[in-house]
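Single-structure report; data block below.
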Ligand code: 5GP
């Protein structure tokens, strides 16, 4: 079962309204909210409302409507937080961690949008 989903994970609980969040944007299929431990001046998590454990799970099994909605939400979050490349934004990094090697902490697919300062290299060379 490659895509087992744990319905008790913290983001599932946020989606059910059991835990509060600082929402940036909510759409039909997607929720974007501020990370509780921001690693940069802008650190927003974008998650699908559907029960997808990881990016590959989402990419393989989400509907076209969910995938389009998710990606349009990412674009809008970048615009709203001022990190988008148009009109003076200075850029961002979008990261998703998956599984053990990806060091994924919360097993509900989420995309980190980080920006607001220079972010350095993507990976330290010593970690290769
Ligand atoms: P991962 O390591 O799974 O890619 O990232 C999980 C992220 O979720 C971390 O950056 C962590 O700070 C964030 N996080 C964990 N619990 C909560 C929470 O209850 N609320 C919010 N807003 N973020 C959380």
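Residue numbers (our numbering): 92 to 219. The C-beta atom is built at its ideal place from N, Cα and C for all residues, glycine as well.
Problem set entry | Classification of residue 206 by the beta-carbon crowding that lies within 10 angstroms, buried from 16 upward | For the purposes of this step, residue 206 is taken as the residue at position 115 of the chain shown. Residue 206 should be labelled buried.
Exercise. Which residue spans inside the stretch 132-194 form an unbroken alpha helix (DSSP H) run of at least 4?
Worked result: Taking only runs of at least 4 residues, the alpha helix (DSSP H) segments lying wholly in the stretch 132-194 are 146-152, 155-172, 190-193.
Exercise. Less than 8 Å separating the beta-carbons of residue 137 and residue 125?
Worked result: Working through the chain shown from its first residue, we reach residue 137 at position 46. Working through the chain shown from its first residue, we reach residue 125 at position 34. If you check the CB distance, residue 137 and residue 125 do not come in under 8 Å.
Exercise. Would you report the Cα separation of residue 150 and residue 108, rounded to the nearest angstrom?
Worked result: As a working note, residue 150 is residue 59 in the chain shown. As a working note, residue 108 is residue 17 in the chain shown. Roughly 25 Å between the two C-alpha positions.
Exercise. When you compare only the Cα positions, how much space is there between residue 165 and residue 133?
Worked result: Start at 1 with the first residue of the chain shown, and residue 165 comes out as number 74. Start at 1 with the first residue of the chain shown, and residue 133 comes out as number 42. Cα to Cα, the separation comes out at about 13 Å.
Exercise. Got a sec: does the ligand 5GP put a non-hydrogen atom nearer than 7 Å to the Cβ of residue 124?
Worked result: Position 33 of the chain shown, counted from the first residue, corresponds to residue 124. Checking every heavy atom of the ligand 5GP against the Cβ of residue 124, one is found closer than 7 Å.
For this session: With DSSP as the reference, please indicate the residues paired to residue 206 in a beta bridge.
Result: As a working mapping, residue 206 is identified with position 115 in the chain shown. Under DSSP, residue 206 forms a beta bridge with 133, 183.
Exercise. Would DSSP call residue 98 helix, strand or coil?
Worked result: In the chain shown, residue 98 corresponds to position 7, counting from 1. The answer is coil: DSSP assigns residue 98 none of H, G, I, E or B.
Problem set entry | Own chain residues within Cβ distance below 7 Å of residue 176, not counting five before or after | The residue labelled residue 176 in the question sits at position 85 within the chain shown. Closer than 7 Å at the Cβ level, and outside the excluded window around residue 176, lie 182.
Exercise. Which of helix, strand or coil does DSSP assign to residue 214?
Worked result: Translated into positions along the chain shown, residue 214 becomes position 123. Here residue 214 sits in coil by DSSP.
Problem set entry | Secondary structure of residue 123, DSSP reduced to three states | Stepping through the chain shown from its first residue, residue 123 is reached at position 32. DSSP places residue 123 within a strand segment (E or B) once states are collapsed to three.
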